[in-house]
Amino acid sequence: MLSKFQKLSMKVQYIRMLEDNFAYVLYDEVTRKAAVVDPVEPEKVLEVIDKLNLDLNMILTTHHHWDHASGNNKILSLLKKSIPVYGGDENIQSLSKKLCHGDEIKLATMTIKALHTPCHTKGHICYFVEQKGNAPMCFTGDTLFIGKKFVAGCGRFFEGDASQMNNSLNVILKKLPMSTLIYPGHEYTLSNLKVSLLS
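If you want it as structure tokens, here you go:
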């Protein structure tokens, strides 16, 4: 149990990328250690890192598509230091550590668990994050989308099939605690509604 004076330190800052993408900076408010999820526009990410006075320790890439992974090389060159690039697919730009389902990474007092959720791409990884005393979080990339008013959806089946998506959503992600905060890779609510209205 937390004392009433203990400060919860796990924070997330979302950053709008491109037209409808999101990158996220996950950080520990006490140690200032940070990870970035899908930094497709590195300059925007580093601006947030500088503004919040954070120490970027790792890149978490959900999948190899250009609108998620194509900023990896550039952010590494702009940083001028070596940090690991995690992901579940050899095709990810600058990948230094391939993750398998259940692999765990530590960031300060946070535990980041890789959840292999294939279908959108074969090596798609969702990142489930826990820290004692905080609501857990999951960065779902293009596997699961959550929009306004609880409108939800899933990514296109580029490298997988319905059976894999069913397993990713209704077996793997369904096991997450009900208190889990979901951070998707895109905001498609308006686009999805337009398609529905035209059908």
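Per full-length UniProt numbering, the sequence shown runs over residues 1 to 199. All C-beta atoms, glycine included, are put in the ideal place defined by N, C-alpha and C.
**OP:** Take the Cβ of Ala162 as the centre, count every other Cβ of all protein chains shown within 10 Å, and call the residue buried at 16 or more, exposed below.
**Re:** By the Cβ-count criterion, Ala162 is exposed, with fewer than 16 other Cβ atoms from all chains shown falling within 10 Å of its own Cβ.
Original post:
Are there 16 or more other CB atoms within 10 angstroms of the CB of Met17, so buried, or fewer, so exposed?
Top reply: Classification of Met17: buried, given that the 10 Å Cβ count is 16 or more.
Subject >> For Ile49 and Ala34, believed in contact at Cβ under 8 Å, the rounded distance >> reply: Under the criterion of beta carbons closer than 8 Å, Ala34 and Ile49 qualify as touching, at roughly 6 Å.
**OP:** Identify the continuous alpha helix (DSSP H) that holds His68 and give its terminal residues.
**Re:** Per DSSP, His68 belongs to the alpha helix (DSSP H) from 66–69.
**OP:** With a cut-off of 8 Å on the beta carbons, I'd call Thr143 and His64 a contact; round off their distance for me.
**Re:** Rounded, the Cβ-Cβ distance is 14 Å, inconsistent with contact.
Original post:
Do you know whose CA, among Ile182, Tyr14, Met58, lies nearest Pro136's CA?
Top reply: For Pro136, the nearest C-alpha among the options comes from Ile182.
**OP:** Quick one: using the 10 Å Cβ neighbour count with 16 as the cut-off for buried, is Lys149 buried or exposed?
**Re:** Because Lys149 carries a pLDDT of 48, less than 50, the predicted location of this residue cannot be relied on, and no value is offered for it.
Original post:
In terms of DSSP beta bridges, what is Glu104 paired with?
Top reply: DSSP lists Lys113 as partners of Glu104.
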